[in-house]
Amino acid sequence: MNKICATAADAVSDLEGGQRFAVGGFGLSGVPFALINAVHELGIDDLEIVSNNCGTDGHGLDVLLTSNRIRRIVASYVGENREFARRYLSGELEVELIPQGTLAERLRAAGSGVPAFYTPAGAGTQIETGGLPWLYNGNGEVLRASPPRETRRFELDQFRGKYLLEAALPCDVGLVRAWRGDRFGNLIFRKSARNFNPLCAIASAMVIAEVEELSESALDPDSVHLPGIYVNRIVALPPELAGDKPIEKITLGEGS
Numbered sequence: 001m002n003k004i005c006a007t008a009a010d011a012v013s014d015l016e017g018g019q020r021f022a023v024g025g026f027g028l029s030g031v032p033f034a035l036i037n038a039v040h041e042l043g044i045d046d047l048e049i050v051s052n053n054c055g056t057d058g059h060g061l062d063v064l065l066t067s068n069r070i071r072r073i074v075a076s077y078v079g080e081n082r083e084f085a086r087r088y089l090s091g092e093l094e095v096e097l098i099p100q101g102t103l104a105e106r107l108r109a110a111g112s113g114v115p116a117f118y119t120p121a122g123a124g125t126q127i128e129t130g131g132l133p134w135l136y137n138g139n140g141e142v143l144r145a146s147p148p149r150e151t152r153r154f155e156l157d158q159f160r161g162k163y164l165l166e167a168a169l170p171c172d173v174g175l176v177r178a179w180r181g182d183r184f185g186n187l188i189f190r191k192s193a194r195n196f197n198p199l200c201a202i203a204s205a206m207v208i209a210e211v212e213e214l215s216e217s218a219l220d221p222d223s224v225h226l227p228g229i230y231v232n233r234i235v236a237l238p239p240e241l242a243g244d245k246p247i248e249k250i251t252l253g254e255g256s
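Each residue of the sequence shown is one higher than the one before, starting from 1 at the first, in the UniProt record's numbering.
So, in structure tokens, the structure goes:
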């Protein structure tokens, strides 16, 4: 089975507006820049994005945000992006903020066939009671807020106290970036660029991966981080795109 697409544009050509996209990356590490740009060029909108964050000014998912393609985003961090804050507070963007570990587990649960799970994260906070603003109007009034969570107390050896019930987060499309891949869709991620990428893939019905290196032969099964069973299409990045990795913040040591 050969899952290789010639270009990112070919890989995303049949995607539709209104779908829920899970997009890998953390900050600017492991972000599928080429696929995001191809979705932008495709012109679809009304998208719901599930991702750790929404890129930074001018990079990553910010390309879709500033062109008004995103209707809603589920994320755990929204810093480093001024346009994101402006759109959220002005009522142009619906935002569901959830704890980072809960986001990861909701994606993992979707990929594992688990409809919901209990977690202590958020117990005793407004995540439990509800009322977190998801959508404002232009006057700063809350139009839609988070619902209260169902709770349950456990008195087990290592699990005592109140836990919240969180639902799985299945997605229509997953966009991910890997270091190496083969024609079967098997993927290897490099260091911290693995981050949310495998979780976004297993949670999604249609998964498209961009890879920096495409192996001519099948990858060693013991080295594979994400089996090809989860991946529908794979795109090999040209050298100029494979090496284009923007740095979010540059820190110089003493004497530099």
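Just so it is clear, CB atoms sit at the ideal spot from N, CA and C, and this is done for glycine as well.
Could you pull the DSSP bridge partners for residue i from this structure?
i      : result
Ile208 : Leu175 and Arg233
Ala75  : Leu97
Val142 : Tyr136
Phe154 : Gly161
Ile4   : Ile234
Leu187 : Gly181 and Leu226
Ala167 : Ala116
Glu213 : Arg180
Can you tell me which of the options puts its alpha carbon nearest to the alpha carbon of residue i?
i      : options                           : result
Met1   : Pro246, Ser217, Ile250 and Glu240 : Ser217
Asp172 : Glu248, Gly111, Leu252 and Ser215 : Gly111
Pro221 : Gly55, Asn232 and Ile188          : Ile188
Val12  : Pro238, Ala242, Arg152 and Gly174 : Gly174
Gly161 : Leu169, Arg152 and Asn139         : Arg152
Arg71  : Gly25, Pro120 and Val95           : Val95
Gly124 : Phe117, Tyr163, Glu80 and Gln158  : Tyr163
Val23  : Ala205, Asp157 and Glu166         : Ala205
Ala121 : Leu135, Ala104 and Pro133         : Ala104
Pro170 : Asn195, Asn186, Val114 and Gly185 : Val114
Asp14  : Ala34, Leu42, Pro133 and Val142   : Leu42
Lys245 : Ala9, Gly25, Gly17 and Cys5       : Gly25
Phe21  : Val74, Ala34 and Leu28            : Val74
Thr56  : Ile247, Glu166 and Gly255         : Ile247
Asn197 : Val176, Ile44 and Leu143          : Val176
Gly18  : Ile36, Arg69 and Ala38            : Arg69
Val243 : Val224, Val211, Ser215 and Ser223 : Per the sequence shown, residue 243 should be read as Gly rather than Val. Nearest C-alpha to Gly243: Val211.
Arg108 : Phe154, Pro239, Leu241 and Ala167 : Ala167
Glu83  : Asp62, Leu97 and Glu141           : Asp62
His225 : Asn186, Val207, Ala203 and Leu241 : Asn186
Ser76  : Gln100, His59, Gly58 and Leu252   : Gln100
Just verifying my parser: in three-state terms, what is the DSSP assignment at residue i?
i           : result
His59       : strand
Cys54       : coil
residue 284 : Here the chain has residues from 1 to 256 only, and residue 284 is not among them.
Phe84       : helix
Thr251      : coil
Glu240      : helix
Glu105      : helix
Ala218      : coil
Ser29       : strand
List the endpoints of the continuous beta strand (DSSP E) containing residue i.
i      : result
Ile49  : Leu47 to Val50
Val23  : Arg20 to Val23
Ala116 : Ala116 to Thr119
For the alpha helix (DSSP H) that residue i lies in, which residues bound it at each end?
i      : result
Phe33  : Phe33 to Leu42
Thr129 : Gln126 to Thr129
Ala201 : Asn197 to Ile202
How about the stretch 174-192 and the stretch 76-91: do they share at least three Cβ pairs that are nearer than 8 Å? no
Inter-stretch contact at 8 Å, needing at least 3 Cβ pairs: the stretch 228-237 / the stretch 42-51: They do not touch, by the three-pair rule.
Would you say the stretch 191-209 touches the stretch 126-134, given that touching needs at least three Cβ pairs under 8 Å? no
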